[in-house]
Every structure is written in C-alpha cells, then in structure tokens.
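Chemist: This structure is in structure tokens; I'll ask about it shortly.
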Amino acid sequence: MEKKTKKATKPSRNDSESTIWSFLTQKGTTASFICITLFAILVRIAVSIHPYSGAGTPPKYGDYEAQRHWMEITLNLPVREWYRNNTVNNLKYWGLDYPPLTAYQSYIHGLFLRYFDPQSVELYTSRGYESYIGKLLMRWTVLLSDVLIFFPAVIYFIIVYYSGIHEGSKSGRLWHFAMILLNPCLILIDHGHFQYNCISLGFTVAAVSAILSDRDIVGSILFSLALNHKQMSAYFAPAFFGYLFGKCLRRHNPFLEVLKLGLAVLGTFTVLWWPYLYSLEAPFEVLSRLAPFERGIYEDYVANFWCTTSVIVKWKRLFSTQALRILSLVSTVSTCLPSMLLLILAPSRRNFLFGLLSSALSFYFFSFQVHEKSILLPLLPASFLAIDEPLIFRWLTYFALLSMFPLLRRDELILPYVALYGIFVLLYNAPVQREDSRQTHSPFTTLKYFVITCSLLLHIVYFMITPPRRYPFLFEAVMMLLCFSQFFFIFMYTNMKQWELLKLSSQTVREKKNI
C-alpha cells in the first residue's frame, strides 16, 4: 500500500487576508458593528489632533473660525439679527451663509462651549480665539454631531438596505457599514479641515433609508431638515422629487399622496423658518445670504465643468455674473432632468440610488459657486451602491481624494490624508463578495492601472517639483482635469444604468400584461 504524503503549502496572501477579515467578523453581528463604530471614532479623534483650516492665520483665519464665530453670534444676538448686517454683526467677517438649522446648531454648540470656556464665544473679544481648551471643545462638537446623527443614520441604512434591496452575507454588511463610516473624504473635511457636513449628510442618509422602507412622509421631513442645514443638499432634490412623484402617480389617489408629502415639507420649513416669518422682507434677507453670487461661479480649483474648461474658456472674463447665473441654472437643470424623468417613469429603489448619484454629479458639474468639498455629496450615494457597484465607489473615492489634495495640503493634513488613503485601500480589498471580486481581466484593467499611476505621480510631482512662474497653478489644473474626466465617466455610467433600469421595468410590465 502506497503511503501518500501531503506537501506543506505556504498560505497565500488571500488566505491570510481571509483569516484577518474572519477574525474581525467572527463575533456576533452586534459586537462586530460596535468594533467598527469604535474604530471609526478612534480614526476621527486621530485626525482631529492635526491642524485645521486657517489655524493661526489672521485676520480671517478659516472655516474653523467661521464655525466658532457663528456660535458667538447666535449666542449673543437676537434671532432676527443673525443674518442682518449691522454694527454689531459684520457679515463681511464670516457672516452666516447657511439656512436656519445651521444657526440653531451653532447656538446649541455655543451653549456647550460657553459652559466650559466662556471666553471662546464672547462677543467681539473671541475673534481668532484659539486656546487649547477652545480647540478641544470645538473638535468635540463635530465628533458628537457625527456620533449622534451620522452614525445612527448609517446603521438605519444598512438595516433597511439588507432587509429589502440586497441580500448579502454578514461579512458584506459589515464591509458596507465600514466603507460608509470610514469614508476618508468626509473624515478629512469634518475632523481635519473642520466642518459639520456629518449633520446634513446624516439627515440625508436617514431620509433615503426612510424612503427605501416606504416611510415617505418621514423621509420627506428628514430631507427637509438636510436642506435647512446646508443648501447644498439640494443636489439630491431632483432625485427625491422624481422618485416620490413617480411613486405617488402609481398610488390609488395620486393627488392625496402628493398633498401629504407637500404638507410634510411645508410644515417642516414653516417650523424652522418661523423666527423669520414676521415680515415679507425677513425671509428674503436670509435667502440672500444663502446664494453668494458675488464670489463668482467657482473658487480655487474644483474639478467641475466651469473650472476645468476655464483653461480654454475664460468664463469670468467673457460673461457677467448675471449671465453666468442663467447659464449655470440652465446647464444644471438640463443635465439632471433626464435622470429625474427616468425616476418618474421607473421609480424603483435601485433606480433611486443611481438617481441620487446622477443628480448630485449634475449639480457638482454645473451649479454656481461649487467648492472642492462639494464632492462629498456625490460620494454619499456612491457609498450606498458600494456593494453592487464597487468599482464606481472606489473610483469616485480615489479621485475625490485627489481633487481635495491641494486644499488638504494647505491645511497641513498630508499625514492623515495618506493614512486614511491607506486604511481605505486595505478595507476595500477585504475578501468580501462584491461585483468586482467576480470579474476577470478585461481590456479596461490596463487603463485603470494607468490612470491610478497618473494620480499617484501627480501627488509626487506636486510635492517635489516647483511649477513654472508663468503657470503657478499648473499642477492643480492637471489634477482637476484628470478628476473631472473620471467624474464625468461615472456620471455617464449612472445615467446609462438608469436607462437600463427603465428598459427592464418596461419589459416587466409587458410580461405581466401578457400573462
């Protein structure tokens, strides 16, 4: 009898990765979610110890000082004076330029700061206040907002998504949860640069989750809260409108359904704007602060249509601000209209998620006064689709990071940038069954590697080489051109997917009629 001997085999890299991921997910679902949540909080704290926007750079400092100043204003002035320019409230020095819910949030956070460090929010004397305790308290307000609003909203989304839209493994759910919570762009902007995007995005995530679970009135109220926290949430408005209107048209009494949603939205806006409804002029006083047309169609270098094409077409020189406003409006509406119509014609949940991404990209490309940070809005629906469209999610994240690189370098956030980039790559490549994990080598693989190599080289060039004196922003322009090309590819792909879903919906309807 022949004795068979087994050859000892060395564990492959994939096997070792599987072992690590299995170790992370072998516990109960609740324990695993808690571990990921705690890690996400730890990462945010680690980023927050680094510099922020405008640190130690008078006279206006940066976004950190803007947020602190709003706390100072809302605490020390009557509600009616918050958006009004006068001797007490000089709007040229970081005047409030977000809707009322941001002002109320600033008031609540201001109470928190005043309790522990009253000097940090004193009227006039606190301008440029940067004490250690003041900075610590400000960082805590962002972290608490994130944990209390964004984190629960993401948990709500994961529960809804995997109970009705997608049947995934436990490992896949945990991976998806980690991908949304550990979005490097959101963490770098909120906990590094310093903003409160987690609040408006948290309300948006909760609104999407409520609508996906057929709680349309609750979803409408939550989205109204998002709109009243940051007006940029309007990036998602066409998708919300198209999907909800399409659903209403298929109900027994469409008019009644539309009326209920309209009253929910109107009621929410009325409550939030109540302090400014005492006269006809007061609401317009606030609205004029929400549309800063005097700043121009774009600032700095942002990877949208206007900034990218300005290398060839000098928009600001050729057109007046009024003409650019009209051109921007027409371009934005015309590019997001097809997606909205597709949602009305085929209001499926999957189509809704693609519609959110398409609509957000339309606004990012063509709307007036877009910032580098605005890419956070398209990134949100891309993260919703991470398990089904992982390549789109990964691609958008990579180039969103690149598009924000000049901004983050100015803020001296290179170390957290590199660290979060690495964490994202490691987590993304965890051995979870996704669409791209089943794909084989394709003709696009070489092109993908080439584009990624270009982006990595741009990082190195930006650090190591001084641009020509005649073109001081040459490298920023090249970065924006590369990022815009990739964003536009994703925009075209999402619209194509919506057309496919419309065809699928029409085919299903025909088949039902034939039965």
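Residues 5 to 519, numbered by my numbering, are exactly what the sequence shown covers, in order. Virtual Cβ for every residue (Gly too), placed ideally from N, Cα, C. Predicted model, so just to flag it, every value in this text is computed and none were measured.
(1) Taking the alpha helix (DSSP H) that residue 233 falls in, what are its first and last residues?
(2) Report buried or exposed for residue 487, applying the criterion of at least 16 other Cβ atoms within 10 angstroms of its Cβ.
(3) Roughly how many angstroms separate the alpha carbons of residue 63 and residue 276, rounded to a whole number?
(4) Determine the direct distance from the alpha carbon of residue 243 to that of residue 148, and round the result to whole angstroms.
(5) Apply the 10 Å Cβ neighbour rule to residue 256 and answer buried if 16 or more other Cβ atoms are within range, or exposed otherwise.
(6) Please list the terminal residues of the continuous alpha helix (DSSP H) segment that includes residue 287.
(7) Cα separation between residue 301 and residue 312?
(8) In this structure, how does DSSP classify residue 305 when only helix, strand and coil are distinguished?
(9) Which residues does DSSP pair with residue 374 in a beta bridge?
(10) Where are the alpha helix (DSSP H) runs, 4 residues long or more, that stay fully inside the region 37 to 100, in chain order?
(11) For residue 430, which of 85, 182, 105, 69 has the nearest alpha-carbon?
(12) If distances are taken between C-alpha atoms only, which option among 241, 46, 70 comes closest to residue 356?
(13) Is residue 470 helix, strand or coil when you go by DSSP?
(14) Can we say the region 73 to 83 touches the region 121 to 128, given the rule of at least three CB pairs closer than 8 Å?
(15) Between the region 202 to 220 and the region 315 to 330, do at least 3 Cβ pairs fall closer than 8 Å?
(16) Count the CB pairs spanning the region 218 to 234 and the region 263 to 280 that are closer than 8 Å, and state whether there are at least three.
(17) Here's the rule I'm using: 16 or more other beta-carbon atoms within 10 Å means buried, otherwise exposed. How should residue 444 be labelled?
(18) Less than 7 Å between the C-beta atoms of residue 166 and residue 177, yes or no?
(19) From residue 190 to residue 380, what does the alpha carbon distance come to, in whole angstroms?
(20) Take every Cβ of the region 495 to 508, pair it with every Cβ of the region 350 to 370, and state whether three or more of those distances are shorter than 8 Å.
(21) Write down the C-beta distance between residue 375 and residue 306 rounded to the nearest angstrom, noting that I regard them as a contact closer than 8 Å.
(22) Is residue 530 helix, strand or coil by DSSP?
(23) Taking only the alpha-carbon atoms, compute the straight-line gap between residue 18 and residue 247 and give it to the nearest angstrom.
(24) Classify residue 317 as helix, strand or coil using the three-state DSSP reduction.
Modeler: The structure says:
(1) To locate residue 233, count along the sequence shown from 1; it is residue 229. Taken as a continuous stretch (DSSP letters only), residue 233 belongs to no alpha helix (DSSP H), as it is neither H nor E.
(2) Counting from 1 along the sequence shown, the entry for residue 487 is found at position 483. Classification of residue 487: buried, given that the 10 Å Cβ count is 16 or more.
(3) Looking up residue 63 in the sequence shown gives position 59. Looking up residue 276 in the sequence shown gives position 272. In a straight line, the C-alpha of residue 63 is about 33 Å away from that of residue 276.
(4) Mapped onto the sequence shown, residue 148 falls at position 144. Mapped onto the sequence shown, residue 243 falls at position 239. Going from the Cα of residue 148 to the Cα of residue 243 covers about 29 Å.
(5) Against the sequence shown, residue 256 aligns to sequence position 252. In summary, residue 256 is exposed, with fewer than 16 beta-carbon neighbours lying within 10 Å of its beta-carbon over all protein chains present.
(6) One-based indexing of the sequence shown puts residue 287 at position 283. Residue 287 -> alpha helix (DSSP H) spans 285 to 294.
(7) Locating residue 301 in the sequence shown gives position 297, where the first residue counts as 1. Locating residue 312 in the sequence shown gives position 308, where the first residue counts as 1. Approximately 12 Å between the Cα atoms of the pair.
(8) Indexing the sequence shown from 1 puts residue 305 at position 301. Residue 305: coil per DSSP, three-state reduction.
(9) Here residue 374 is taken as the residue at index 370 of the sequence shown, counted from 1. In DSSP, residue 374 forms a bridge with 302.
(10) 67 to 80
(11) To locate residue 430, count along the sequence shown from 1; it is residue 426. Per the Cα distances, 182.
(12) Here residue 356 is taken as the residue at index 352 of the sequence shown, counted from 1. Of the listed residues, the one whose Cα sits closest to residue 356 is 241.
(13) The count along the sequence shown starts at 1 and reaches residue 470 at position 466. It is coil, neither helix nor strand.
(14) yes
(15) No, the region 202 to 220 does not touch the region 315 to 330.
(16) These segments touch.
(17) As a first step, residue 444 is located in the sequence shown; it is residue number 440 there, counting from the start. Note that residue 444 scores a pLDDT of 47, beneath 50, so its modelled location is shaky and nothing firm can be said.
(18) As a working note, residue 166 is residue 162 in the sequence shown. As a working note, residue 177 is residue 173 in the sequence shown. Yes.
(19) Working through the sequence shown from its first residue, we reach residue 190 at position 186. Working through the sequence shown from its first residue, we reach residue 380 at position 376. So the alpha carbons of these two residues sit roughly 7 Å apart.
(20) yes
(21) To locate residue 375, count along the sequence shown from 1; it is residue 371. To locate residue 306, count along the sequence shown from 1; it is residue 302. Correct: roughly 6 Å between the Cβ atoms.
(22) The structure shown does not extend to residue 530, since the chain is modelled only from 5 through 519, so no value can be given for it.
(23) On the sequence shown, position 14 is the one that residue 18 refers to. On the sequence shown, position 243 is the one that residue 247 refers to. Confidence is the limiting factor: at residue 18 the pLDDT is only 48, short of 50, which leaves the residue's position unreliable and the question unanswerable from this model.
(24) Here residue 317 is taken as the residue at index 313 of the sequence shown, counted from 1. If DSSP states are grouped into helix, strand and coil, residue 317 belongs with coil.
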